[in-house]
Structures are given as structure tokens and as C-alpha cells.
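Chains as they are written, first to last, in our numbering: chain F, -16 to 241; chain B, -16 to 241. Ideal Cβ placement from N, Cα and C applies to all residues, glycine included. I have placed the structure first, in the form of C-alpha cells, so that the comments after it can refer back to it.
2 protein chains.
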Amino acid sequence: MALGALDRAEDRPPYRQIADHLRAAIERGELQPGDRLPSEAALMAHYHVARMTARQAIQELRGEGRVVSEQGRGVFVRPPLPVRRLASERFARQHREAGLAAFSADAVKAGFTPDVDQIEVSRELPPPDIRKRLHLPDNGPVVVRSRRYLADGRPVETAVSYIPADIADGTRIAEVDTGPGGIYARLEEIGHVLDRFTEEVSARMPTAAERRRLGLPSGTPVIILVRTAFDVTRRPVEVCDTVKSAPAYLLEYDFPAR
Amino acid sequence: MALGALDRAEDRPPYRQIADHLRAAIERGELQPGDRLPSEAALMAHYHVARMTARQAIQELRGEGRVVSEQGRGVFVRPPLPVRRLASERFARQHREAGLAAFSADAVKAGFTPDVDQIEVSRELPPPDIRKRLHLPDNGPVVVRSRRYLADGRPVETAVSYIPADIADGTRIAEVDTGPGGIYARLEEIGHVLDRFTEEVSARMPTAAERRRLGLPSGTPVIILVRTAFDVTRRPVEVCDTVKSAPAYLLEYDFPAR
DNA sequence: CGCTCGCACTCCTCTAGACGACTAGCTGTC
DNA sequence: GACAGCTAGTCGTCTAGAGGAGTGCGAGCG
């Protein structure tokens, strides 16, 4: 791997020059995904810089999400995650009737092993923004369903669903195991036939808690997707607030020109 | 502002404790958007740590996109950007007929001053992924329109449009000024009445070039949105590849259950 | 009054060194 | 053969110091 040398006269500082060299090596393919970068000691020797300078160069690449460091092992070029394409078809009724929730239906198509853990169900008063989305009165309780999704054993998404308690109480929606087809199948069984969804999409850096729960290396953004489901009477019957590891997702939407 | 003290016995390292203190002060509202954080010297004195340790704490918050530092001035709590909500209505024909392109139509509703600069138009062979999206043969040239959008003078998005040259050649689409209503108005005038759009949404950290062009502080992700426009004959007539400053956008989609 | 210069303060970059914690492979013992 | 322990190599964290560069304000000069 050719790394070149520092130009102390240049206005670009040394740590940035080193970062640029390494980035170029990655982009040229000299460093493949999974490969180990030169160690800090190697960079110090090659460029004749102090340890902190070498570290700062690597820090730069970490912030771009290009490499991950593992204590005691080294710094590695980030392997690409298997990307999940999410199209609106994932909520198709035919999947539910086949007993599959959206995440499992996806898994079959995309060829990964789905898993769900950290399922928690409770009954509480919703936060204000959720209450507004559900058109609930101030004192309207909701059933809160929180869980984490994994693809091939790696966490990729957390989700929290809020369902008005007057709908969910006494159904399997309020139990840990919702049964085949998931929440939406249960909602339709009890008369809330689904009509529309709205989704709000944004992206930001994760909080420390989110980073831990999703096992994200630093420099990885998350996609925030908030979905509201409406039944045929136009009543919002569920709000689902999800936090997705951004590199693992590609969202697809299709809409008519008007 | 109450910052507490370090607990050297704790397993959480000092720099992280300091970062947590500062983060908490921001979240409690003791540090408002735009406020200056304690200087490095102040943190050193308060916590009895070395300079690099104080800097590392601030680096932590920068990576989360919560603060921005300005050499010679200080470190400031990041003021929230004016958020643009993008709904699919932004491409409504009625806006075009009123002479407004999507971005301008939006500006009116959201109350910011729109601007476009760095407009460049060329004619070239498209990259493979664009060619595939446009269903073009290997040797089919496209007109490439590149530009940057600003809201209240601040860059928020860059966009590159690709239009098959057999459609765009000889029209204002191939000129710098496309005229009232933008590209889509011109396409409809020459018989390519628009029927559908598809959008693919993802998020990642920006490259150095993107960060410069959008004026992004470090720790700010971007949203990548690739839109394909189809005319009533189902032919793809434009692909638009956009890079948006993530904190400035909220995308909204609405689709029927099926 | 207006302007320039200098200074204090801020963050930026780098150096040189220390200890700690984790990993992986090797070695010697049982 | 299985296992414990050692060791070299790696990254993580911290210290104490240096010079540089950009900002903003006030003092002094014209």
C-alpha cells in the first residue's frame, strides 16, 4: 500500500494529509472492506509524527463512518451492511394473511434471518407529539409496544408503537406475542381495516443510548421514521416511531403526479 | 450553570463524564441554542484536567452534532435549522402552472427566501446507475443539470438532474434558465405529461466535498434522495439525485394500505 | 470622531510520554 | 490434549507543554 509522504509546507495540516492518504487508499481499493489499516505505531514511523497526530487522522475517518476501531485488534475498513430496501408494499395485506409481519415478510425477500428481541409492552399516557398524531384527548392512555429488530443477529432498528388503549385493551395487541401477522393483522380482525399510512422521515446522529442499543460505531447516522396508520374511518389507530441504522436501509416511495 | 464534579473512581472516563455534564446542561435548557459553552480553559480549571481531555469532551458533542466550534470565538450550542417539510404535494401541477418550481413553492409555504446558485448544464454520457434508471442504451447521452439550493442564504441541498438528451435537446431544459415552473413544466409542454414519481431515500455521513459545498459542520449527516419521474407512457424522463443537509429536512409520504 | 494597532482570549495543531485494557498467539504445565 | 499464564501488539485515555491562527475589544493616535 502506497501512502506517500507529508508535505509540511502545505497548508493542509499533517493529520488531514494522512487521513486523505488513507481515504484514497480505501477508495482505490488498496484497502478492502474488512482490511486492517496500518497501526498507529506504523503511521508514526512512516510519517514521523506523534501518536496523537496519527490518532487524529484515524479519528477523521471514523467520523466519516469509513472505518471502525477495535481495541486490542486494530482499525478496520468498514464492511458494508446488507441493505434492506423498504418499499410501501411491505405492509401489503397479503403478507399479513400469510401470517407474516412486515419485518419477516421483508426478510424472506431479502434473504436474511429476522429476529425480534427486547419486547416490552406497557400502558401509559403518550408523549404530546404522539397524542397529537393519534388525535387523542389529554387523558387518553395508549398501549406502548417497544422492540428491537435484528437481521442475521445484528440489530438494525428499534421501534416503539403506540395504540389507543380503547382499541388495544383486551386484545393480543396488549400482550407480548401479538400472534401471526402482527399488530396490523389484529387491528383488522377487530374491525379497524387499514386504509392509509403516512410516514415522516428524517436523519440525525444517534444519542449515546441509541448507539449502544443498535451497536453502532461512531460516525453512523440513524434514520428516524414515524409511521401513522389510519383505518377506513380515517381514525389514526397506530403510531410507530422507529430508529434505523442508516447504512442498513434504503427507503422506496412511489407516488402519482398530480 | 451547574456542572458537577468528576468521579475518578467511576469506570466512565473523565472526558465522557464532562461530555455528559455538558449534554445534560443543554438538554435541561441551561445552555440555549446559540449559547457559548465554557471555554477549554474553564473546563480545565473546573475539572482539573489537561487540555486534551477537555477537548475530547467537546469533540464528543461535536460528533453528535449538538455543538459547533468556531476558532477564535468559542463553542456554541447548535441552533436548530429551519426545517423544511417535504410532502409529495410539492410537485403538484398547480404550482407549476403558477410558474413555481418545487423549491420555490415550498419556500412560500414555509416562509423562507429561496435561492439557487452554482447552476451548471452539460451534455454527457450518464453513470451506469443513472442509465439504468432512465432505461437508456449504452450510448444514450443525457443533459446534466447541477445546482445548489439555499434557504435564507444558507445552502441546504445540492441536486443533479439527468434528462435523456433526445428529450431535452433544443429545449430550455438544456439551458441554464429553464423558465417558469422549472424542468417539469417544460417536460409537460413538450408532451411528456408526468404520471408518477419514485423516490429512494437513504442517509450517510457526507464526503469532505459535500461538507464544503453545503457548509456542514462536522457531525452532520446528509439525506440522499434520488427521484425518478415517469411520463404517462411509463417512460422515465428525469432522474434527480439530491444531497440534503439532514437537520434541515423532514420528508413526508402518504400511501394507501393494500 | 474615525481609524489602527495591540492585546487578551478563543480554538487548532502538534509533540513526547505514560499507563491501562483488550486481543491473540505462544508456551509450559498438568 | 487441555488449560492457564505470559507476552507482544493494538487501541484507549490522560498529562503537560508548545506555537499558531482567528476574533473582538479597547487604547491610543491622527
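- [ ] Return the chain-ordered ranges of every beta strand (DSSP E) run that is complete within the segment 122 to 206 of chain B and spans a minimum of 3 residues.
- [x] Within the segment 122 to 206 of chain B, the complete beta strand (DSSP E) runs of at least 3 residues are 125 to 134, 137 to 147 and 177 to 187.
Task: alpha helix (DSSP H) runs contained entirely in the segment -9 to 42 of chain F, provided each spans 4 or more residues - done: Counting only runs of 4 or more, we get -3 to 10 and 23 to 30.
Task: Limits of the unbroken beta strand (DSSP E) element including D101/B - done: The question names Asp, but residue 101/B in the sequence shown is Gln. Per DSSP, the continuous beta strand (DSSP E) segment holding Q101/B begins and ends at P97 to E107.
Open item on the list: With a threshold of 9 Å between beta carbons, is I206/F in contact with chain B?
Closed with: Yes, I206/F counts as interfacial toward chain B.
- [ ] Please work out which residues of its chain come closer than 8 Å, Cβ to Cβ, to H118/F, disregarding the five sequence neighbours upstream and downstream, and give them in chain order.
- [x] Annotation for H118/F: R218 and P219 place their beta carbon closer than 8 Å to its own, counting only its chain and skipping 5 residues before and after.
Task: For L254/B, the residue or residues it bridges with in DSSP - done: The structure shown does not extend to residue 254/B, since chain B is modelled only from -16 through 241, so no value can be given for it.
Open item on the list: Please identify, using Cβ separations under 7 Å, the residues of the segment 184 to 199 of chain B that lie next to chain F, in order along the chain.
Closed with: Shown in chain order are the members of the segment 184 to 199 of chain B whose Cβ falls below 7 Å from a Cβ of chain F: V184, S185, A186, R187 and M188.
TODO: Determine which residues of the segment 59 to 87 of chain B have a Cβ less than 7 Å from any Cβ of chain F, and write them out in chain order.
DONE: Flagged, chain order: S71, F74, A75 and R76.
Open item on the list: Rounded to whole angstroms, what is the Cα-Cα separation between L208/B and V226/B?
Closed with: Their Cα atoms are separated by approximately 7 Å.
- [ ] Tell me whether S105/F is buried or exposed, calling it buried when 16 or more other Cβ atoms sit within 10 Å of its Cβ.
- [x] With fewer than 16 Cβ atoms within 10 Å of its Cβ, S105/F is classed as exposed.
Open item on the list: Rounding to the nearest angstrom, what Cα-Cα distance links T154/F and S71/F in this structure?
Closed with: The alpha-carbon of T154/F is positioned some 26 Å away from that of S71/F.
TODO: For S201/B, return the contacting residues in chain F, with the cut-off set at a CB-CB distance below 7 Å.
DONE: For S201/B, the chain F residues whose C-beta falls within less than 7 Å of its own C-beta are G46, listed in chain order.
Open item on the list: Assuming I60/B is part of the beta strand (DSSP E), what are its boundary residues?
Closed with: Reading off the sequence shown, one finds Val at residue 60/B, where the question assumed Ile. Taken as a continuous stretch (DSSP letters only), the beta strand (DSSP E) holding V60/B covers G57 to V60.
Open item on the list: Distance cutoff 9 Å, beta carbons only. Does T141/B sit that close to anything in chain F?
Closed with: With a threshold of 9 Å between beta carbons, T141/B makes no contact with chain F.
- [ ] Indicate whether at least one CB of chain B lies closer than 9 Å to the CB of E235/F.
- [x] Chain B contact via Cβ: present.
TODO: Determine contact between the segment 123 to 136 of chain F and the segment 44 to 56 of chain F, defined as no fewer than three beta-carbon pairs at a distance below 8 Å.
DONE: Judged by Cβ distances under 8 Å, the segment 123 to 136 of chain F makes no contact with the segment 44 to 56 of chain F, as fewer than three pairs qualify.
- [ ] Determine the contact status of V184/B and V139/F, defining contact as a CB-CB distance below 9 Å.
- [x] No. Outside cutoff.
Open item on the list: Here's the rule I'm using: 16 or more other beta-carbon atoms within 10 Å means buried, otherwise exposed. How should Q77/B be labelled?
Closed with: Looking at its Cβ environment, which holds fewer than 16 other Cβ atoms inside 10 Å, Q77/B is exposed.
Open item on the list: Quick test of the definition: if touching needs 3 or more C-beta pairs under 8 Å, does the segment 177 to 195 of chain F touch the segment 144 to 154 of chain F?
Closed with: The segment 177 to 195 of chain F, when compared against the segment 144 to 154 of chain F, does not touch it at the 8 Å Cβ threshold.
- [ ] Would you tell me roughly how many angstroms separate the C-alpha atoms of D100/B and D214/F, rounded to the nearest one?
- [x] For D100/B and D214/F, the distance between alpha carbons rounds to 44 Å.
TODO: Excluding the 5 residues preceding and the 5 following E172/B in the sequence, name in chain order all residues of the same chain whose CB lies nearer than 7 Å to its CB.
DONE: Nothing meets the Cβ criterion.
Open item on the list: Beta-carbon within less than 8 Å of M(-16)/F's beta-carbon, same chain only, minus the 5 sequence neighbours each way: which residues are those?
Closed with: If we look at M(-16)/F and ignore the five residues flanking it on each side, its Cβ neighbours are A8, E13, L14 and P21.
Open item on the list: Assuming contact is defined by CB atoms lying nearer than 9 Å, are G123/B and R114/B in contact in what I supplied?
Closed with: Yes, they are a contact pair.
Open item on the list: Between A186/B, R6/B, R128/B and H175/B, which has its C-alpha nearest D160/B's C-alpha?
Closed with: Ranked by Cα distance from D160/B, the options A186/B, R6/B, R128/B and H175/B are led by R128/B.
Open item on the list: Using a 10 Å radius around the Cβ and a threshold of 16 neighbouring Cβ atoms, would you call Q54/F buried or exposed?
Closed with: By the neighbour-count rule (16 or more Cβ atoms within 10 Å), Q54/F is not buried but exposed.
- [ ] Flag F238/F as yes if its beta-carbon sits less than 9 Å from any beta-carbon of chain B, otherwise no.
- [x] The beta carbon of F238/F falls within 9 Å of a beta carbon belonging to chain B, placing the residue at that interface.
Open item on the list: To be precise: take each residue of the segment 215 to 234 of chain F, compare its Cβ to all Cβ atoms of chain B, and keep it if any distance is under 8 Å. Which residues remain?
Closed with: So the list reads A229, P230, Y232, L233 and L234, given in the order they occur along the chain.
Open item on the list: Against E182/F, what residues of chain B qualify as contacts under a CB-to-CB distance less than 9 Å, listed in chain order?
Closed with: Within chain B, the residues near E182/F are L234, E235, Y236, D237 and F238.
Task: Per-residue contacts from D178/F into chain B (C-beta, under 9 Å) - done: The answer, in chain order, is P239 and A240.
Open item on the list: Taking its Cβ as the centre, do 16 or more other Cβ atoms sit within 10 Å of M188/B, making it buried, or is it exposed?
Closed with: Classification for M188/B: buried.
- [ ] For A110/F, name the three-state secondary structure that DSSP assigns.
- [x] Per the sequence shown, the amino acid found at residue 110/F is Pro instead of Ala. Three-state result, P110/F: coil.
Open item on the list: Nearest by alpha-carbon distance to P239/F: which of R196/B, D178/B and E193/B is it?
Closed with: Considering only alpha carbons, the answer is D178/B.
Open item on the list: What does the alpha-carbon distance come out to for the pair P62/F and D(-6)/F?
Closed with: Distance between the alpha carbons of P62/F and D(-6)/F is about 32 Å.
Task: R68/B - partner residues in DSSP beta bridges - done: Note: R68/B sits in a beta bridge opposite L233/B.
Task: Reference R79/B; option with closest CA among Q0/B, G17/B, L(-11)/B and L170/B - done: When only C-alpha atoms are compared, the closest one is L170/B.
Task: For R210/F, three-class secondary structure by DSSP - done: If DSSP states are grouped into helix, strand and coil, R210/F belongs with the strands.
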